[in-house]
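Numbering (this note's numbering), first residue to last: 92 to 536.
Here is the structure:
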């Protein structure tokens with residue numbers, strides 16, 4: 092099948108590469124000439140396990156091409172995916188300028204029937220707006236061309252996006268015509284040989300499904316973080332509580348880890364956009380607002396614990412930080428708890444020595460003006476040199492089983508602030524550490 096994907100960002104690249112992997116002829120279109128030039132040389136601009144290899148393989152096979160000319164992009168594909176960014180606007184809503192710009196481009200070069208597929212995370216009603224824009228441009232060209240606009244939201248986890256696309260547990264497709272439904276069934280047929288993962292619904296329901304899914308997962312995280320505060324005040328251990336409730340199949344073991352807050356490009360933005368949608372409908376979405384509020388508070392919890400431990404005297408202190416990305420297996424630092432923590436530490440006069448297996452270049456880019464207060468170290472252990480405490484912010488595998496004896500000898504004082512509850516408090520306290528976790532039965536703020 093001939094497919095064009097507009098947008099060579101995270102979602103667009105994964106979509107284009109994985110569809111090419113199935114033997115489709117895919118054109119990935121982007122206006123960023125520098126990015127496209129790099130991709131043509133096989134340079135993947137994002138960190139995503141397995142993606143560079145798929146891109147390189149399908150460039151060589153001819154199944155994947157990259158283009159900056161939108162006219163060629165529209166002409167190439169019967170299926171036209173819109174996979175551009177929808178950044179958070181100033182009022183919390185999703186900014187649709189790039190989505191509608193692609194819609195105008197499609198209308199400008201369309202000559203015969205196409206299926207336009209919204210892959211970007213967009214508010215309910217966006218498919219209608221995309222179709223209106225396309226038809227408006229066609230009318231200006233004095234053309235009447237039939238087009239179907241479909242909603243096909245992505246459910247890709249950063250760090251596991253290729254696996255999620257190729258082995259998806261569900262494929263949500265919102266259509267408003269039998270013709271579009273049959274076309275989408277044909278497109279996704281290779282994914283349904285062993286099990287039918289395709290779930291067809293109306294367009295608006297598909298658009299809302301994406302937001303509902305992310306908001307629900309964020310709700311589980313914020314609920315556990317809320318419970319962690321009660322656990323600390325009641326002398327209970329949130330990790331034991333997690334195992335107790337996670338064994339209930341109605342709850343399940345996923346997304347119920349207390350910690351220092353969620354980040355990234357999806358949960359914060361999507362919860363905020365859902366809240367804004369409710370506001371525009373004059374509906375007070377109390378639960379959705381609370382999810383965001385709890386998370387914002389949780390991103391400051393490590394700083395409050397550190398400040399309390401040092402009795403508010405952080406000026407001149409040096410803190411070792413393990414983990415900068417908002418989660419493991421990505422270099423994404425958007426809304427990462429590490430950023431809230433480091434910026435609060437700097438404001439209090441402290442210095443930071445940090446390490447992350449992948450996100451160091453991104454940290455250097457974001458904090459190029461913080462050379463005096465931020466040292467990016469080559470290894471996790473190097474961060475401990477001259478540090479007054481260790482802070483674990485991201486649960487990378489490499490941090491799970493460190494040499495605690497070496498950690499103790501390198502720190503000026505044996506103190507660990509564990510923002511992801513990786514370690515056993517009883518063991519560390521027996522080894523002479525002062526240990527602060529999240530909801531582990533101690534209140535220190």
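Built from N, CA and C at the ideal position, the CB exists for glycine as well.
This structure is a prediction, so every number in the text was calculated from the model and none was measured.
What does the alpha-carbon distance come out to for the pair residue 295 and residue 493?
If I take the Cα positions, the gap works out to 49 Å.
Between the alpha carbons of residue 335 and residue 303, how many angstroms are there, rounded?
Spanning the two alpha carbons is a distance of roughly 26 Å.
So, at 8 Å on beta carbons, what are the nonlocal neighbours of residue 489 in its own chain, with the 5 sequence-adjacent residues on each side left out?
Result list for residue 489: 448 and 471, in chain order.
Tell me the rounded alpha-carbon separation between residue 221 and residue 101.
Near 21 Å, if we compare the C-alpha coordinates of residue 101 and residue 221.
Note down, in chain order, each residue of its chain lying with its Cβ closer than 7 Å to the Cβ of residue 536, except the 5 sequence neighbours on either side.
In this predicted model, residue 536 has a pLDDT of only 43, less than 50, meaning its place in the structure is not dependable; the value taken from the coordinates is given anyway. 395, 396 and 399, listed in sequence order.
For residue 270, which residues of its own chain have a beta-carbon under 8 Å away from its beta-carbon, when the five flanking residues on both sides are left out?
Result list for residue 270: 239, in chain order.
Just mark residue 417 as buried or exposed, buried being the case when its beta carbon has 16 or more other beta carbons within 10 Å.
Under this definition residue 417 is a buried residue.
Within the same chain, show all residues whose beta-carbon is closer than 7 Å to that of residue 154, passing over the 5 residues directly before and after it, in chain order.
These residues qualify, in order along the chain: 111, 114, 115, 116 and 117.
Considering only the alpha carbon of each residue, which of 451, 460, 452 and 425 lies closest to residue 437?
Closest option to residue 437, Cα to Cα, is 460.
Mind checking which residues open and close the beta strand (DSSP E) that includes residue 158?
Start and end: 155-158.
Identify the residues that DSSP records as bridge partners of residue 179: which are they?
Per DSSP, 185.
When DSSP builds the beta bridges, which residues end up paired with residue 190?
None, per the DSSP bridge assignment.
Identify every residue that forms a DSSP beta bridge with residue 444.
Looking at the DSSP assignment, residue 444 forms a beta bridge with 411 and 466.
Flag this pair as yes or no: are the beta carbons of residue 352 and residue 390 separated by less than 7 Å?
The answer is yes: Cβ separation under 7 Å.
In whole angstroms, what is the alpha-carbon distance linking residue 243 and residue 355?
Answer to the nearest angstrom: the Cα atoms are 21 Å apart.
What separation, rounded to the nearest whole angstrom, lies between the Cα atoms of residue 129 and residue 146?
Distance between the alpha carbons of residue 129 and residue 146: 12 Å.
Who are the Cβ neighbours of residue 455 in its own chain at under 8 Å, not counting the five residues just before and after it?
Closer than 8 Å at Cβ, skipping near neighbours: 467.
Short of 8 Å in beta carbon distance, which residues of its chain neighbour residue 284, apart from the five on each side in sequence? Order them along the chain.
Nothing meets the Cβ criterion.
Considering only their Cβ atoms, is the gap separating residue 173 from residue 209 smaller than 7 Å?
Going by C-beta atoms, residue 209 is nearer than 7 Å to residue 173.
Between the stretch 408-426 and the stretch 475-483, do at least 3 Cβ pairs fall closer than 8 Å?
The stretch 408-426 vs the stretch 475-483: in contact.
If we require 4 or more residues per run, which alpha helix (DSSP H) segments fall completely within the stretch 339-414?
With a minimum length of 4 residues, the continuous alpha helix (DSSP H) runs that stay inside the stretch 339-414 are 358-371, 377-389 and 392-400.
Going straight from the alpha carbon of residue 446 to that of residue 428, what length do you get?
Taking the straight line joining both Cα atoms gives about 14 Å.
Between which two residues does the alpha helix (DSSP H) harbouring residue 219 extend?
Note, residue 219: alpha helix (DSSP H), 217-231.
Determine the DSSP secondary structure at residue 202, reduced to helix, strand or coil.
Here residue 202 sits in coil by DSSP.
Taking just the CA atoms, how far does residue 531 sit from residue 197?
So the alpha carbons of these two residues sit roughly 55 Å apart.
Taking the alpha-carbon positions, what's the residue 538 to residue 527 distance?
This structure leaves residue 538 out entirely; the chain is present only between 92 and 536.
Give me the DSSP bridge partner(s) of residue 238.
In DSSP, residue 238 forms a bridge with 205.
Over what stretch of residues does the alpha helix (DSSP H) that includes residue 305 continue unbroken?
Segment 294-325, the alpha helix (DSSP H) holding residue 305.
From residue 343 to residue 325, what distance separates their C-alpha atoms?
Their Cα atoms are separated by approximately 24 Å.
Rounded to the nearest angstrom, what separates residue 218 and residue 287 at their Cα positions?
Taking the straight line from one Cα to the other gives about 25 Å.
Apply the 10 Å Cβ neighbour rule to residue 524 and answer buried if 16 or more other Cβ atoms are within range, or exposed otherwise.
Flag for residue 524 reads buried.
Go ahead and label residue 204 buried or exposed: buried means 16 or more other beta carbons lie within 10 angstroms of its beta carbon, across all protein chains shown.
Under this definition residue 204 is an exposed residue.
Indicate the three-state DSSP secondary structure (helix, strand or coil) for residue 110 in the structure shown.
Residue state, collapsed to three classes: helix.
Look up residue 536 in the DSSP assignment and say whether it is helix, strand or coil.
Because residue 536 carries a pLDDT of 43, less than 50, the predicted location of this residue cannot be relied on, and no value is offered for it.
With burial defined as no fewer than 16 other Cβ atoms inside 10 Å of the residue's Cβ, what is the status of residue 258: buried or exposed?
It counts as exposed.
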